[in-house]
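Line by line, the protein sequences give chains P, S, D, Y and B.
Take the first sequence: its letter number 20 is residue 19 in numbering that gives the first Met the number 0, and every next letter is one higher.
Take the second sequence: its letter number 83 is residue 82 in numbering that gives the first Met the number 0, and every next letter is one higher.
Take the third sequence: its letter number 34 is residue 33 in numbering that gives the first Met the number 0, and every next letter is one higher.
Take the fourth sequence: its letter number 56 is residue 55 in numbering that gives the first Met the number 0, and every next letter is one higher.
Take the fifth sequence: its letter number 20 is residue 19 in numbering that gives the first Met the number 0, and every next letter is one higher.
From the three backbone atoms N, C-alpha and C, an ideal C-beta is built for every residue, glycine too.
Bear in mind that the values here come from a model prediction, so they are computed numbers and not experimental data.
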Amino acid sequence: MREKLLYALGVIAFAILARDIFIIAGFPPEVAQGNAFKIIFFHVPSWVAAGTALTTALLSSILFLVTKNFKYDATAVAATEVGVAFLSVGLATGILWARPIWGVWWVWDARLTSALILWLMYAGYLMLRHAVEEPTQRANFAAVFSILAFIDVPIVYFSIRWWRTQHPAPVFFSSGGSFPPDWSAVMGWNILAMVMLACVLVSVRLQQEQAQREIDSLRRLAHAL
Amino acid sequence: MNALAVEGVWKYYGDYPALRDINLTCEAGSCLALIGRNGAGKTTLLRTIAGFSRPMKGAIKILGGSPRETATRRNVGFIGHGIAVYDELSALENLMLYARLYGLTDARTKALQWLTETGLERVRDGLVREFSRGMRQRLAVARAFLHEPSLLLLDEPFTALDDRAIAVLQRLLREALAQGRTVVMSTHQLREALELATHVTMLNRGQVAFDGPCTPEMVADPGLVYARYGEG
Amino acid sequence: MNALAVEGVWKYYGDYPALRDINLTCEAGSCLALIGRNGAGKTTLLRTIAGFSRPMKGAIKILGGSPRETATRRNVGFIGHGIAVYDELSALENLMLYARLYGLTDARTKALQWLTETGLERVRDGLVREFSRGMRQRLAVARAFLHEPSLLLLDEPFTALDDRAIAVLQRLLREALAQGRTVVMSTHQLREALELATHVTMLNRGQVAFDGPCTPEMVADPGLVYARYGEG
Amino acid sequence: MEFLRQVLVILAKDVRAELRTKEAVNAALAFAVMILVLFSFVFDPDEATTKMFAGGLLWIVFAFAGTLVLNRSFAREIPNDCLDALVAAPIPGSALFLGKALANYLLVAAVELVALPVFGILYYVRWYERFWQVMLVLALGTWGVTVIGTMFSALTVNIRLREVMLPMITYPMLTPALMGAMQLTVDLMNGKSIAGDATVWLKLLVGFDILYTAASIILVDIVLVG
Amino acid sequence: MEFLRQVLVILAKDVRAELRTKEAVNAALAFAVMILVLFSFVFDPDEATTKMFAGGLLWIVFAFAGTLVLNRSFAREIPNDCLDALVAAPIPGSALFLGKALANYLLVAAVELVALPVFGILYYVRWYERFWQVMLVLALGTWGVTVIGTMFSALTVNIRLREVMLPMITYPMLTPALMGAMQLTVDLMNGKSIAGDATVWLKLLVGFDILYTAASIILVDIVLVG
Ligand code: HEM
Ligand SMILES: Nc1ncnc2c1ncn2[C@@H]1O[C@H](COP(=O)(O)OP(=O)(O)OP(=O)(O)O)[C@@H](O)[C@H]1O
Ligand SMILES: Nc1ncnc2c1ncn2[C@@H]1O[C@H](COP(=O)(O)OP(=O)(O)OP(=O)(O)O)[C@@H](O)[C@H]1O
Ligand SMILES: [Mg+2]
Ligand SMILES: [Mg+2]
């Protein structure tokens with residue numbers, strides 16, 4: 000039942016994305032940036048999805064420390080992995096965009112740099128997990144690290160507000176926005192679809208993780224006999 | 000109330016069950032000799048009791064409390080495979096450090112007293128780095144006894160000790176038992192251990208293979224338990 | 000020709016004379032038990048013989064050569080306090096590494112053979128990091144015997160071994176002696192050592208306090224030498 | 000009171016053990032001086048542009064050199080399984096953590112205070128003109144480095160690849176603090192006081208220190224005993 | 000032949016122990032990126048002046064990453080007294096030394112080769128234009144760093160003063176090699192070939208490598224058996 004629901008959600012997410020791609024392709028090229036600007040319809044949603052995933056990771060890490068229930072540890076890994084995937088997409092779309100607009104792959108401004116550091120930090124989380132063998136210890140360390148790491152997330156978000164950056168100023172949730180309403184709608188749908196996609200991926204990873212756990216405990220039982 | 004109660008403890012390393020459903024109790028004033036072949040799980044059990052790692056299943060009660068409570072820790076002394084003293088500090092400094100950590104009021108007196116007990120007063124200002132193996136082990140003994148714990152967890156405490164130091168340790172343990180303190184020790188030097196033990200527990204591949212009082216028979220022939228209850 | 004000759008060896012740590020004018024000889028095929036209280040200088044002597052540190056005065060001859068010659072080193076096996084195997088490699092990898100270092104042609108076969116001898120074949124692919132203390136010591140034994148040295152220098156080799164592993168080591172040593180190889184071992188487990196020893200040397204504060212053949216008397220009462228020649 | 004006493008015991012032990020061998024402190028110092036010397040060859044310290052980033056460079060050097068000290072902090076407990084004895088002792092993890100953090104702080108600060116005049120000479124920087132403000136930034140920035148370094152030293156003490164993992168996870172988390180310290184130092188060394196816009200950086204630094212100290216103290220027990 | 004085989008055995012052992020966990024390479028990469036990020040706070044990589052010394056920067060990164068690897072080289076033999084067994088084995092000290100130096104070389108070079116393209120992207124440096132010359136300088140400079148690092152790692156492993164002496168002696172001694180490598184790299188990355196005056200630096204580098212390799216091989220036996 001749960002799986003069917005997941006598949007359904009996934010299919011819906013893809014359907015929305017497909018529809019939006021079609022619509023976006025129909026938008027006229029922007030004055031200054033040509034067709035390159037259209038990447039924003041994927042750039043922004045992937046950051047939103049990444050943020051959602053990482054927040055989930057933070058919450059489940061805290062829950063794990065409070066309850067010591069390994070279910071939350073599994074959720075934390077799943078969410079972090081998906082989060083890192085979307086961070087990568089965010090960085091990649093950003094870079095792809097930067098190349099035609101700025102003429103270079105990378106510039107060192109607060110937004111880009113803090114985003115890169117965020118990525119490094121959560122990649123570090125995954126590596127830390129690999130390096131610790133004892134399951135309880137691994138879960139504890141990972142949870143602690145996740146809490147400490149999350150502090151960078153708001154910094155990334157606010158970096159364009161706190162510092163002057165090359166990165167475009169905020170368009171949404173700020174007064175100076177100049178986005179046409181129908182574009183905003185498409186953007187909204189895309190964000191929804193991406194977040195749904197993230198949820199589906201997290202659930203799938205979570206199921207895998209739980210299956211792995213069950214296999215492990217079965218194997219352990221076999222070893223104990 | 001039992002000084003130590005181990006209830007259905009399981010501990011895994013990866014897939015390998017190092018401890019399988021261990022049940023044990025120790026009354027105050029008793030001395031448990033934990034024996035078993037190499038890799039049986041003695042060290043793992045002692046470390047779990049001491050609270051260095053949590054059991055995967057089951058519970059451990061020390062003097063009625065959990066191993067990680069501060070009150071409990073104050074009453075436990077541990078000697079592990081490592082000797083847990085600092086190479087860069089002198090014998091006296093090491094003992095004073097631990098005396099302070101345990102909040103003893105007369106750190107220096109206590110430290111000197113235990114250096115004398117273990118025959119190290121001559122080298123009290125020598126850095127541990129310069130000690131022979133047996134001298135280190137003596138210092139570890141002094142460290143564990145320093146705060147007069149009511150539960151002593153000793154992992155192969157006789158290792159590297161010469162005959163005289165073994166006699167001293169046996170005397171110290173006997174005194175401790177007489178004062179109603181409890182001792183759990185693992186060892187392969189059965190002769191030395193069984194002289195003191197009131198109970199014997201044999202582990203075999205992480206399971207309790209034998210658990211019972213220590214009989215004069217066993218003391219006379221230390222190989223007996225292995226011969227009778229070992230895997231053959 | 001003597002398998003081992005120690006001639007007037009002095010060794011200082013700073014001002015402290017850890018070895019004072021030590022003279023010893025061992026014939027091929029003999030087994031020397033090196034005994035002495037904690038800090039007497041046993042480890043220092045064994046390490047000096049093995050060539051890890053140079054004596055301040057005096058000379059050491061192994062099979063007629065100096066300890067640091069390549070030919071000599073090929074014929075010496077050493078077990079120290081540390082076990083000298085790598086935590087990050089498996090038991091088999093460790094043994095194969097040493098087999099290669101000693102230039103053995105059939106590294107793998109040899110390694111497997113010694114794993115079986117020491118009862119580690121079941122865990123041959125386990126990383127040493129995951130071994131219990133006794134399993135490590137067994138691996139150290141396997142490592143020392145691997146290249147079939149004609150002189151074995153063993154520093155407390157029985158440490159941490161269970162009764163079965165002690166029996167195995169004793170058998171191995173007996174076989175080695177029967178083949179005319181020489182064994183020098185220090186230990187505090189006198190009972191186990193004296194069963195094998197042909198000679199006994201007792202050190203006391205860096206000096207030889209007793210040196211002579213091992214008599215049945217001593218085997219019957221291991222404390223005898225200490226009682227008779229110790230400082231009291 | 001009791002807590003403070005425990006912190007001091009740990010602090011005294013660590014400082015004493017380190018000063019017996021001076022392993023880490025010497026390494027850190029030598030490393031710091033080498034980098035400063037090397038860099039002074041690479042760019043012309045006479046130039047005005049160099050002055051613009053000399054302050055930043057200083058913090059890079061401090062961060063690297065600090066890592067050498069921090070690496071050893073919990074690693075020192077490994078050889079004889081001393082960590083076991085500390086964990087078994089009846090003191091809270093937070094006392095252990097604070098004691099170690101303070102010891103590291105003293106050691107790192109000592110290295111920095113020696114490196115600072117060397118830096119001044121090699122780069123013709125008048126760092127002493129605004130002495131107390133520089134000291135303030137130094138104190139705040141170093142505490143940030145120390146608290147995170149100590150926490151992660153505890154986190155990585157038992158795991159494989161400790162030496163590589165530690166800097167890898169420490170530096171990203173340190174960046175906000177380092178950034179703030181760099182900005183302030185550059186300003187100070189170019190003769191500007193901390194005022195106006197620059198106070199934002201100071202606030203960032205203070206916030207960072209408080210936030211991570213609190214988080215570490217709360218979380219360290221979980222790390223140490225699992 | 001025999002000698003070569005022994006060198007290879009040691010080499011294989013060290014590389015295997017280090018690579019037991021593949022994360023080592025990942026960690027090294029992440030680490031290199033992090034350092035580059037940190038440096039970007041100090042100098043603005045956009046600016047033309049930065050290009051003037053980006054090559055120097057690169058070598059600082061290498062020196063730092065290299066130290067991490069080299070520190071471990073003989074230190075790895077400490078925990079179980081493994082060094083005893085190596086010293087007792089019938090192989091010459093020079094084989095042991097070369098094996099370890101080569102293992103370190105491979106590891107350090109691997110990190111460098113990964114860091115180089117990242118550096119190129121983040122600092123807008125066209126390092127690949129004179130690919131083979133850059134590789135040459137890299138190879139020579141790295142060998143210099145490695146051979147000295149390994150030698151002193153050995154020298155100081157026995158005496159307790161391990162980490163004291165290592166840095167205090169190594170780092171100053173490394174300076175000529177690093178300087179040469181930096182100068183050459185800066186030139187190469189600014190589009191100049193190694194020619195004219197620059198060949199002096201190349202000669203310095205080659206001379207340094209040969210001299211210290213020879214000296215180390217001759218002296219290592221004394222070092223290993225006090
Ligand atoms: C690798 C490079 C880049 C990274 C890491 C990055 C990062 C981010 C992040 C984290 C967000 C979402 C957070 C927020 O809504 O405030 C975002 C939004 C955005 N990005 Fe990027 N970006 C990159 C490159 C670019 C480029 C090159 C452009 C355009 C020239 C661009 C334009 C935008 C715009 C317009 C938004 C929406 C801003 C808003 O409404 O808040 N980004 N980017
Ligand atoms: N860190 C670890 N990872 C994996 N397995 C381990 C680890 N530590 C111990 N083991 C395994 O657990 C089992 C029990 O080990 P333990 O050290 O408790 O044995 P022991 O009874 O103390 O043996 P010994 O008498 O040799 O000291 C062994 O089979 C060992 O291989
Ligand atoms: N590195 C050192 N520096 C200074 N003194 C040392 C050093 N190593 C050993 N000693 C001293 O030398 C003496 C002999 O030590 P050694 O280790 O040889 O004793 P041992 O007979 O092996 O003792 P044990 O039975 O305890 O192993 C001891 O008094 C010791 O304190
Ligand atoms: Mg054990
Ligand atoms: Mg000894």
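Just the chain P side, please: which residues come within less than 9 Å of B:Tyr123 by C-beta, in chain order?
Correct list: Val103, Trp104 and Trp105.
Pull up the DSSP beta-bridge partners for D:Ile21, would you.
D:Val8
With the cut-off set at 8 Å, would you say D:Thr158 and D:Leu31 are in Cβ contact?
no
Using a Cβ-based criterion (distance less than 7 Å to any ligand heavy atom), does S:Asp154 qualify as near ligand 4?
yes
Whose C-beta lies closer than 7 Å to the C-beta of S:Leu114 among residues of the same chain, with five residues either side of it excluded?
Ala90, Leu91, Leu94, Glu120, Arg123 and Ala141
For ligand 2, I want to know if Y:Asp80 counts as a neighbour, meaning its beta carbon is within less than 7 Å of at least one of the ligand's heavy atoms.
no
Considering only the beta carbon of each residue, do Y:Phe38 and B:Met178 sit closer than 8 Å?
no
Who pairs with P:Ser183 in a beta bridge, going by DSSP?
Beta-bridge pairing links P:Ser183 to no other residue.
Is Y:Ala109 near ligand 3, with its Cβ less than 7 Å from a heavy atom?
No, the beta carbon of Y:Ala109 sits no closer than 7 Å to any heavy atom of ligand 3.
Taking the alpha carbon of P:Phe85 as the reference point, which residue from P:Arg218, P:Ile159, P:Met195 and P:Pro167 has its own alpha carbon closest?
P:Met195
I'd like to confirm something about S:Met134: is its beta-carbon nearer than 7 Å to some heavy atom of ligand 6, or not?
By its list of ligands, the structure shown excludes ligand 6, since it contains just ligand 1, ligand 2, ligand 3, ligand 4 and ligand 5.
Report the option in Y:Leu82, Y:Phe30 and Y:Ile90 whose CA atom is closest to the CA atom of Y:Phe2.
Y:Ile90
Using a Cβ-Cβ distance under 8 Å, would D:Ser131 count as near chain S?
It does: the Cβ of D:Ser131 has a partner Cβ on chain S nearer than 8 Å.
Hey, Y:Ile216 and Y:Phe96 are a contact pair by Cβ (cut 8 Å); roughly how many whole angstroms apart?
6 Å
Contact belief for B:Trp58 with B:Gly143 at Cβ below 8 Å, rounded distance in angstroms
About 11 Å; that fails the 8 Å criterion.
Report, in whole angstroms, the separation of the C-beta atoms of S:Thr42 and S:Lys10, which I expect to be a contact under 8 Å.
11 Å between Cβ atoms; not a contact.
Under a three-way DSSP split, which group does P:Gly93 fall into?
helix
Pair within 8 Å by beta-carbon distance, P:Lys122 and B:Ala29:
The question names Lys, yet the displayed sequence has Ala at residue 122 of chain P. Their beta carbons are under 8 Å apart, which means P:Ala122 touches B:Ala29 by this criterion.
Can you tell which of B:Leu187, B:Val185 and B:Ala100 has its C-alpha closest to the C-alpha of B:Ala213?
B:Ala100
Suppose contacts are defined by Cβ-Cβ distances below 8 Å. Is B:Ser238 in contact with B:Ser152 by that definition?
Residue numbering for chain B in the displayed model covers 0 to 225; residue 238 of chain B lies beyond these limits and cannot be assessed.
By a C-beta neighbour count over all protein chains shown, 10 Å radius and 16 as the cutoff for buried, is P:Thr66 buried or exposed?
By the neighbour-count rule (16 or more Cβ atoms within 10 Å), P:Thr66 is not buried but exposed.
Once the 5 residues before and after B:Leu204 are set aside, which same chain residues still bring their CB inside 8 Å of it?
Val136, Leu139, Gly140, Gly143, Ala176, Gly179, Ala180 and Leu183
Is the Cβ of Y:Val205 closer than 8 Å to any Cβ of chain P?
no
Out of P:Thr74, P:Ile15, P:Met0 and P:Ala56, which has the shortest C-alpha to C-alpha gap to P:Phe149?
P:Ala56
For the region 89-100 of chain B, list every residue whose C-beta sits within 8 Å of some C-beta in chain D, in sequence order.
Pro89, Ile90 and Pro91
For S:Asn203, which residues does DSSP report across the bridge?
Partner(s): S:Gln206.
With distances taken Cα to Cα, identify the nearest neighbour of D:Asp20 among D:Cys213, D:Pro212, D:Tyr225 and D:Gln206.
D:Gln206
Residues sharing a beta bridge with S:Ser89, DSSP
BP columns for S:Ser89 point to S:Leu126.
At least three beta-carbon pairs within less than 8 Å, the region 122-136 of chain B to the region 136-150 of chain D
no
To the nearest angstrom, how far is the alpha carbon of Y:Pro78 from that of D:Val84?
16 Å
Once DSSP output is grouped into helix, strand and coil, what is the label at D:Tyr225?
helix
Per-residue burial, S:Ala58 [other beta carbons within 10 Å of its own, 16 or more giving buried]
exposed
Is B:Met178 close to chain Y? Criterion is C-beta to C-beta, closer than 8 Å.
yes
Using only the alpha-carbon positions, how far apart do S:Arg190 and P:Phe63 sit?
Take the alpha-carbon of S:Arg190 and the one of P:Phe63: they are about 48 Å apart.
For P:Trp101, is the classification buried or exposed, using 16 other Cβ atoms within 10 angstroms of its Cβ as the cut-off for buried?
exposed
Please state whether DSSP places Y:Asp13 in a helix, a strand or coil.
helix
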